[in-house]
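K.L.:
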Amino acid sequence: ILLLPSVDSTGFVLASVAMTVLWYLFLSLETNEIQRNGMRTHFSSFWNLLDAFNLVGIPGLPLLRLLEDQAQLIDQPLISSLVGGGFVEQLGGVLQISMALRALQYASLVRALGPLLVTVGGMVDDVK
Numbered sequence: 017i018l019l020l021p022s023v024d025s026t027g028f029v030l031a032s033v034a035m036t037v038l039w040y041l042f043l044s045l046e047t048n049e050i051q052r053n054g055m056r057t058h059f060s061s062f063w064n065l066l067d068a069f070n071l072v073g074i075p076g077l078p079l080l081r082l083l084e085d086q087a088q089l090i091d092q093p094l095i096s097s098l099v100g101g102g103f104v105e106q107l108g109g110v111l112q113i114s115m116a117l118r119a120l121q122y123a124s125l126v127r128a129l130g131p132l133l134v135t136v137g138g139m140v141d142d143v144k
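This is the structure in structure tokens:
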């Protein structure tokens, strides 16, 4: 049985509100940092580029999914070909990897998680 969240459920509404508030908070932090340091300095850091990708990707992914579904409903092959063909799923995968990288960067601040980071680093080396 496939369980899909109901858009009008209380849990979905609360999660959506919480995610919107957190997204706005992180966007405000990034905007303040850009104003304080300048755009060139801000985006010279890999982590800030990753944050910008996440800030655009998190709201963009559902919008692209909605656009893809609507284009199929109204039979618009041009739009379907632009956002279809697995593009949305691939973008979702890249977004998950980028968020996992950011989580590992935060985990590096906790001394007890050192062995985890060494293990993940070894796995990344094995992939190369």
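In terms of the numbering used here, the sequence shown opens at residue 17 and continues consecutively.
All residues carry an ideal CB built from backbone N, CA and C; glycine is no exception.
(1) Between 132, 44 and 77, which has its C-alpha nearest residue 1's C-alpha?
(2) Can you tell me whether residue 67 is buried or exposed, with buried defined as 16 or more other CB within 10 angstroms of its CB?
(3) Could you check the C-alpha separation between residue 141 and residue 46 for me, to the nearest Å?
(4) Output yes or no for whether 8 Å exceeds the beta carbon distance between residue 71 and residue 42.
(5) Using the Cα positions of residue 59 and residue 48, report the straight-line distance between them to the nearest angstrom.
(6) Let me know the secondary structure DSSP gives residue 142 once reduced to three states.
(7) Since I believe residue 73 is in contact with residue 107 (beta carbons under 8 Å), could you give me their beta-carbon distance rounded to a whole number of angstroms?
P.N.:
So, from the listed chains and residues:
(1) Missing from the structure shown is residue 1; the chain here goes from 17 to 144 and no further.
(2) buried
(3) Approximately 31 Å between the Cα atoms of the pair.
(4) yes
(5) 13 Å
(6) helix
(7) 7 Å
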